[in-house]
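Enquirer: In my numbering, the protein residues as written are 7 to 521.
Virtual Cβ for every residue (Gly too), placed ideally from N, Cα, C.
Since we're looking at a predicted model, the values are computed, not measured.
This is the structure I have questions about; it appears just below.
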């Protein structure tokens, strides 16, 4: 009797194993089919977007052509939604498989068998056929886009395009913008450098604005940004709008000061220099390519969707909101750096430190920085988590993570905590927080720094153009590379793995040049 029971159990195990192997093979075949569908959808989306964007260069008045273009726009948006759905399902499947691989063997076998059976039941022929039908529909619409363009060229007239921003024409022609003013110990620097990348990313620009005051170095501030360029981009206007929407409380006053400075820049005093091929340009372009892939891994994200994520939140809610700011889609990265004055230092000390009179002595000078990537990747974020933040103190990642927290909430408690941490332990120098969400990432840090009064500069007015042109190698402009290097020294470990080797190589090249 026991032998019969044992034989039946063994037979049942073999049946389950055989069914599992067959199910696994069918599951893998289904995954391959979905990957093929995603590739076809991506190509259809590219064709639809290209047709719509190209047609905008022609002035189309015919009502039927306008309806046709509207239909193609809707199709591109629907195609993007469908593609996102495929990618979301693939990410969820991958997360489930990783969870199963981390469990014990018996549990893993049971879970795998259950998931395969579930997959076979849910991933039926009707689902596969509906997916295939959707892909074929978008491909038909994409194929018709070429015919639409031919009609648009026949029935429309070419636009005599006038640049919305006079700066754009120079930047698209490959020229670099520079502005510098030194007056009564105050230093202003504004620079915009065009960058041509791979074909799928088009033309981008790196922007830098610096203000320094020799008599009051605690007022020093720095703004950096990476933007995508097009004929309609308003560079300064876009940055100002983005700063107005910045919800991080400890950067509000800095954002307002930078916006005011940018709005008052005398455009008639800008000067342009050819951004020629050189070892410096190659060095800069190489790291720009890595950083723009890091900060915006999908160059087509937010192209079809009007809403763009907003990263604020009340104390009672950490959910993501949507804000209709489509004109801010070109912003790939924005950074702000400023010093923390003594008055603000005292304001943000914890209550436990208020009675400690020693904290007024040897107060460390602190600098706070924010690097914000509104299109940042959610790589490593679990599907069930909306956002996550980790703490890093002097390069050591702290245990535990803050989940489902908004950027606004994070900024509110980070500064008091960082001040206490750096005040209590003299040997510590840097407090960092890395925040990421479903769409967007931010890097915040507070670090100890030294403040000193600088020797008097050569006082130069805007009109002293000959001196400015001769002294092209402005030490403050050279500092731009150092700012990027400082960021990468602290954050390279959190970059995508495929980019880490190129980032480390770039840092080494900069070190070699400086030595």
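In this structure, how does DSSP classify residue 44 when only helix, strand and coil are distinguished?
Expert: helix
Enquirer: Is residue 216 helix, strand or coil when you go by DSSP?
Expert: strand
Enquirer: Pick helix, strand or coil for residue 313, following the three-state DSSP scheme.
Expert: Residue placement at residue 313 cannot be trusted, given a pLDDT of 44 that sits under 50; the coordinates are not used to answer.
Enquirer: Taking the beta carbon of residue 197 as the centre, do at least 16 other beta carbons fall within 10 Å, making it buried, or is it exposed?
Expert: buried
Enquirer: DSSP three-state label for residue 515, please.
Expert: helix
Enquirer: If you run the structure through DSSP and keep just helix, strand and coil, what is residue 260?
Expert: Reduced to three states, the DSSP call for residue 260 is helix.
Enquirer: Going along the chain, which residues of its own chain have a beta-carbon closer than 8 Å to the beta-carbon of residue 40, five neighbours each way excluded?
Expert: 92, 95, 96, 137
Enquirer: Rounded C-beta distance between residue 239 and residue 304? I'm assuming under 8 Å.
Expert: Rounded to whole angstroms, the Cβ separation of residue 239 and residue 304 is 20 Å, and the two are not in contact under 8 Å.
Enquirer: Alpha carbon to alpha carbon, how far is residue 155 from residue 498?
Expert: 44 Å
Enquirer: Compute the Euclidean distance between the alpha carbons of residue 299 and residue 290, then round it to the nearest angstrom.
Expert: 14 Å
Enquirer: State the CB to CB distance for the pair residue 71 and residue 158, rounded to an integer number of angstroms; the pair is presumed to be in contact (CB under 8 Å).
Expert: Contact between residue 71 and residue 158 is confirmed by a C-beta separation of about 6 Å, below the 8 Å threshold.
Enquirer: Is residue 308 buried or exposed, if buried means 16 or more other CB atoms sit within 10 Å of its CB?
Expert: buried
Enquirer: Where DSSP assigns a beta bridge to residue 230, which residues make up the other side?
Expert: 214, 341
Enquirer: Is residue 295 closer than 8 Å to residue 213 when the C-beta atoms are compared?
Expert: Cβ atoms of residue 213 and residue 295: not closer than 8 Å.
Enquirer: For residue 145, I'd like the list of residues in its chain whose CB is within less than 6 Å of its CB, leaving aside the five on either flank, ordered along the chain.
Expert: Only 50 meet the Cβ criterion.
Enquirer: Using the Cβ count rule (16 or more neighbours within 10 Å means buried), how would you classify residue 449?
Expert: buried
Enquirer: Looking at the structure shown, is residue 85 part of a helix, part of a strand, or coil, going by DSSP?
Expert: helix
Enquirer: Is it buried or exposed for residue 284, if we count other Cβ within 10 angstroms and need 16 for buried?
Expert: exposed
Enquirer: Would you report the Cα separation of residue 256 and residue 85, rounded to the nearest angstrom?
Expert: Straight-line spacing of the CA atoms in residue 256 and residue 85 works out to 40 Å.
Enquirer: Could you tell me the alpha carbon to alpha carbon distance between residue 186 and residue 491, rounded to whole angstroms?
Expert: 23 Å
Enquirer: Let me know if residue 3 comes out buried or exposed under the rule of 16 or more other beta-carbons within 10 Å of its beta-carbon.
Expert: The structure shown does not extend to residue 3, since the chain is modelled only from 7 to 521, so the question has no answer here.
Enquirer: So, are the CB atoms of residue 338 and residue 210 less than 8 Å apart?
Expert: Residue 210 is positioned such that its CB atom lies closer than 8 Å to that of residue 338.
Enquirer: Could you tell me how far apart the beta carbons of residue 279 and residue 181 are, in whole angstroms, since I believe they sit closer than 8 Å?
Expert: 7 Å
Enquirer: Just to confirm my understanding: we take residue 501, look at its own chain, exclude 5 residues before and 5 after, and list those with CB closer than 7 Å. What are they?
Expert: 300, 509
Enquirer: Using DSSP with H/G/I as helix, E/B as strand and the rest coil, what is residue 500?
Expert: helix
Enquirer: Among residues of its own chain, excluding the 5 on either side of residue 400, which ones have a beta-carbon nearer than 7 Å to its beta-carbon?
Expert: 434, 435, 436
Enquirer: For residue 218, collect the residues of the same chain with a Cβ closer than 6 Å to its Cβ; drop the 5 residues on either side in sequence, then sort them by chain order.
Expert: 193, 226
Enquirer: Taking the alpha carbon of residue 250 as the reference point, which residue from 184, 269, 519 has its own alpha carbon closest?
Expert: 269
Enquirer: Name the DSSP bridge partner or partners of residue 194?
Expert: Answer is 187, 217.
Enquirer: For residue 366, name the three-state secondary structure that DSSP assigns.
Expert: Here the model assigns residue 366 a pLDDT of 47, short of 50, so the residue's position is not dependable and the matter cannot be decided.
Enquirer: DSSP state of residue 207, grouped into three classes?
Expert: Coil at residue 207, not helix or strand.
Enquirer: Within a Cβ cutoff of 8 Å, which residues of the same chain sit near residue 44, ignoring the five residues on either side of it in sequence?
Expert: 89, 92, 93, 96
Enquirer: Quick check on DSSP: helix, strand or coil for residue 273?
Expert: helix
Enquirer: Among 208, 379, 73, 61, which one has its Cα closest to the Cα of residue 162?
Expert: 61
Enquirer: Kindly list the residues whose CB is nearer than 8 Å to the CB of residue 261, restricted to its own chain and excluding five residues on each side of it in sequence; keep chain order.
Expert: 249, 250, 252, 342
Enquirer: I'd like the list of long-range same chain contacts for residue 66, defined as Cβ closer than 8 Å, with 5 residues on each side in sequence excluded.
Expert: 72, 75, 158, 161, 162
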